[in-house]
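Chains as they are written, first to last, in the working numbering: chain A, 95 to 1053; chain B, 4 to 162. By construction, the Cβ of each residue, glycine as well, lies at the ideal position given by its N, Cα and C atoms.
Structure, rendered in structure tokens:
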């Protein structure tokens, strides 16, 4: 197997189409114009010694090791900063160069510790490699005198020496090993875009400094790991490498956090994961990562992970550990009993956006084929179901139109209801890079997020609207585009239905949709709306990126339609740099939707009522599928409370914490007779479960995830499942126990079945993915190698469809009792319900949920920063600490939902999207007041949770 | 190092300096000079304010601030004496001159006298090589330093 070695070309690739031929050490090389001599040499397989150059960042020319001689030119220019010229004759190794390099290395080593044998970077140190490459045998300067290496010089304090900074939970900074090559500083600036590092001082005093000579943890650092990856020595080193040692083999796989779907090399020592390193060939992340994917995998071996199946008759009983056979048999018996007693439709299931495509496909297959109903749903219900509906109606596909590379050609980015810097950090870094290169940005968000203003990022327009007024604002943008004649008539005539456009144009032109009128509803100044509309329509390639701030509203689907309309009006569809891009929350929420997880759709978004589609499965699965859509999650819970729905199989989703109106969810679960939870941990939902089937992590199975750009990425098993089985095997066992004839030996066989039955996946197979790396669906005879950009020559549905977007205010309104609007979101270091990230060192950054409140609202209520506050809505109340900030407008409060102690969803209401039932998480009328600590409900909940998590035979953990 | 929040007064005075220069091309160095003029040095607490105003990171401000020795981390004495220690002055005996000054003032380089009267600093070339050894007192250059001139300087700073 061995380590996957990636070639470091030293400088980034040139995008020029013009080719240049030169001669390096006698070999002819042809490269694009603008390529550095260093990169051109590497292309020819000739490695020029280097220290400060690496191909993730631009050339810097400081280490003086990569010097070359060029015939006909004076001196010894650095090969990283010198571009190739036609006919150039380059020599990389001459006597003169050898002497210079050796001299340079001597200077480096004269101020570097000589502890190679005990150094964590031993075996992975570029300084060591270069010393070898230049043939360093002696350091004539000695090691005495001024240095940064030793804490004491002859017994006296050495003020140049700095202690190791171990404040970051994942990596250390050891200034004594630093050669001041600036790679970390440049990676932080150019790749990540945070600018948290600098070189302080000058000359021999130069040192890398996080922030203003701060500790890494206190500085602006977001712990993305780009600096650690860039460091050529042991100065910045993963703590896991220090603890374990160097890895011996690596496997390329896909991160299981957000919808960006970053490719990583899982670097292993045996079955032990040493570190995750972003893979440069990963087409979503291009070698970059965030704190979650790079470092937060410790949950996989966390002590709270449950590894044995467990059952219990009543949820008040302690859990009883049983064998897999017993758990499977108990579950099937219960489900059959319930169906016999209450009817075929009394059971259902939920597929997981955290699991692989193959696993999701099997769960919905089990329900349709085994349970004989369509009561299957997935967590996309609560996040991007309006995207599926809105884009399906207008364009004909339920997915984003672009690949992430497209952002490199964007001139105006319009971000609506999303904070990629927190929730999709790697995409945010790519967008920020483009913004620093001159692209413009418009942000529509109630909060002043990092995308509105942060180092080197300043949105041209920030539309800080009142939560719940998205439709009005988006329609007002269309009003400006239409009434000011900024629409692209040629595009609309060619690609869209002209009469529908005329209808829409008439609708939006109505003065009630003008920015001046909408200002009254949304609080956004009319001029800002006009400015934003003009910029988006006329600023060049306009790309819309949106998130759950769009979908999780009572009019979520309408806003998606409004967004689709904006792109059609301006012709921003069907080429690089434009498009409509939903930023999907979970690693495989796109895939879960693709795989037929919705009660009304079979894989590939084909409606269950279609006879031809059902026939495909009827004949393959040997059943007669029900042609009526089944129950959605909220309907299942309603039916449970009504007593007609009694059993549920939930794979990898914590509905109690993530779904709205917690009390309703718990009432529904409590009313069921068999709740089966398959998860890594005893999550909140498991408090109401009768059967617990231990799940496996993404490190323990083969499969595929589909990211926000429709990219199907391989997930590869790097270790044996600690619980015994991958999740697809568990579902298969359930199916077999129910008498279904399933015999999948490997997930590739499941993908083969998907490809055989789903036209948009027709060409997908594991062999093909192996060859291509990844593909974007549709991937079939029309697009044999996948589809990076959709709707190029026309919309999938034929003509693009304009649909009216009438603003209807949500029923959730502020009033004297609940005068503030609560909106919710995520933070960089935590992930959704936090089941994983709370069980990693990421808690160093975000140990609890905080309520952001404007100083004005805080003062009215006598609240100070850090005070306990009570947060109340019509649905319930909870308590948490306040954080006073003007990032939120007066009248708006904001919190995250990562911690079950807070349970922000006790507060949220059961209002939901009119088309898809996607809950209205983003708008809740609330009151905030001083509090002494946890509410009665929180105390009661904690008690119930503790009771419910008892396992017979296990000692209670001492608190 | 833990960042201390800036006091309201310090923040207001810094903001005034920033607003005056913010629209210059490359405003960071002029602002740092302005802040130093305002406070006599660049208080650590002003760095985040400058970063916020220029929409750059704290680290970037710190990097520039620490690169230039002219920006002070602490308040200076009432007078600042810079004695050239560059090559031309060295060849004209600036080492001895510096030793004499140190003795007269009772302080070394980078030190301020206890009464706060004077801060002594080395400087590397004032462009006054023809009149070496040279020094600069409160921005005024002085050439051909000798024992008498050192006495004059000492008198001046003790006034």
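Residue environment, residue i, which counts as buried when at least 16 other CB atoms sit within 10 Å
i                       : result
residue 110 of chain A  : exposed
residue 592 of chain A  : exposed
residue 675 of chain A  : buried
residue 264 of chain A  : buried
residue 684 of chain A  : buried
residue 58 of chain B   : exposed
residue 605 of chain A  : exposed
residue 191 of chain A  : buried
residue 847 of chain A  : buried
residue 1079 of chain A : Outside the shown range of chain A, which is 95 to 1053, sits residue 1079 of chain A, and nothing can be said about it.
residue 127 of chain B  : exposed
residue 595 of chain A  : buried
residue 443 of chain A  : buried
residue 242 of chain A  : buried
residue 465 of chain A  : buried
residue 114 of chain A  : buried
residue 298 of chain A  : exposed
Per-residue contacts from residue i into chain A (C-beta, under 7 Å)
i                     : result
residue 50 of chain B : 306
Proximal residues of chain A, C-beta to C-beta of residue i below 8 Å
i                     : result
residue 47 of chain B : 306
Beta-carbon proximity check, residue i vs residue j, cutoff 8 Å
i                       : j                      : result
residue 136 of chain A  : residue 147 of chain A : no
residue 940 of chain A  : residue 992 of chain A : yes
residue 385 of chain A  : residue 923 of chain A : yes
residue 1011 of chain A : residue 475 of chain A : yes
residue 768 of chain A  : residue 338 of chain A : no
residue 730 of chain A  : residue 343 of chain A : no
residue 506 of chain A  : residue 650 of chain A : no
residue 777 of chain A  : residue 755 of chain A : no
residue 734 of chain A  : residue 60 of chain B  : no
residue 750 of chain A  : residue 760 of chain A : yes
residue 987 of chain A  : residue 916 of chain A : yes
residue 498 of chain A  : residue 524 of chain A : yes
residue 1054 of chain A : residue 787 of chain A : As shown, chain A starts at 95 and ends at 1053. That puts residue 1054 of chain A outside it, with no answer to give.
residue 274 of chain A  : residue 300 of chain A : yes
residue 1056 of chain A : residue 456 of chain A : Missing from the structure shown is residue 1056 of chain A; chain A here goes from 95 to 1053 and no further.
residue 463 of chain A  : residue 871 of chain A : no
residue 663 of chain A  : residue 536 of chain A : no
residue 693 of chain A  : residue 726 of chain A : yes
residue 360 of chain A  : residue 793 of chain A : yes
residue 93 of chain A   : residue 281 of chain A : Because chain A here runs from 95 to 1053, residue 93 of chain A falls outside it and cannot be looked at.
Interface partners of residue i on chain B, CB under 7 Å
i                       : result
residue 1074 of chain A : Residue 1074 of chain A is absent from the structure shown; chain A starts at 95 and stops at 1053.
Partner residues on chain B for residue i, Cβ-Cβ distance less than 9 Å
i                      : result
residue 154 of chain A : Within chain B, no residue comes near residue 154 of chain A; the closest Cβ sits about 15 Å away, beyond 9 Å.
residue 303 of chain A : 62, 65, 66 and 69
residue 296 of chain A : 69, 70, 71 and 72
Contact set between residue i and chain B, taken where Cβ atoms lie within less than 8 Å
i                      : result
residue 314 of chain A : 60, 61 and 62
residue 324 of chain A : Within 8 Å Cβ-Cβ: nothing; residue 324 of chain A doesn't reach chain B, min ~16 Å.
residue 289 of chain A : 59, 60, 62 and 63
(message) Residues of the stretch 53-85 of chain B in Cβ contact with chain A at a cutoff of 7 Å, in chain order, please.
(response) 58, 59, 60, 61, 62, 63, 65, 66, 69 and 70
(request) Any chance you could list the beta strand (DSSP E) runs of at least 3 consecutive residues sitting entirely within the stretch 222-291 of chain A, in chain order? (result) 265-267
(message) What are the residues in the stretch 524-552 of chain A lying within 9 Å of chain B by C-beta distance?
(response) 547, 548, 549, 550, 551 and 552
(request) Let me know the beta strand (DSSP E) ranges lying completely inside the stretch 310-378 of chain A, each 3 residues or longer, listed in chain order. (result) 330-332, 343-348, 357-363 and 366-372
(message) Quick check on the DSSP output: what are the complete alpha helix (DSSP H) runs of length 4 or more inside the stretch 47-79 of chain B, in order along the chain?
(response) 49-57 and 61-70
(message) Give the list of continuous beta strand (DSSP E) stretches no shorter than 3 residues that lie fully inside the stretch 475-561 of chain A.
(response) 506-510, 534-538 and 555-557
(message) Going residue by residue through the stretch 178-210 of chain A, where are the continuous beta strand (DSSP E) segments of at least 3 residues, counting only ones entirely within it?
(response) 183-185
(request) Tell me the start and end of each unbroken alpha helix (DSSP H) in the stretch 817-854 of chain A that is at least 4 residues and wholly inside, in chain order. (result) 821-831 and 841-851
(request) Could you pull out every unbroken alpha helix (DSSP H) segment of at least 4 residues lying fully inside the stretch 563-608 of chain A, listed in chain order? (result) 564-577, 583-589 and 592-603
(message) List, from N- to C-terminal side, the beta strand (DSSP E) runs of 3 residues or more that fit wholly inside the stretch 922-1008 of chain A.
(response) 944-947, 962-967, 971-978 and 986-990
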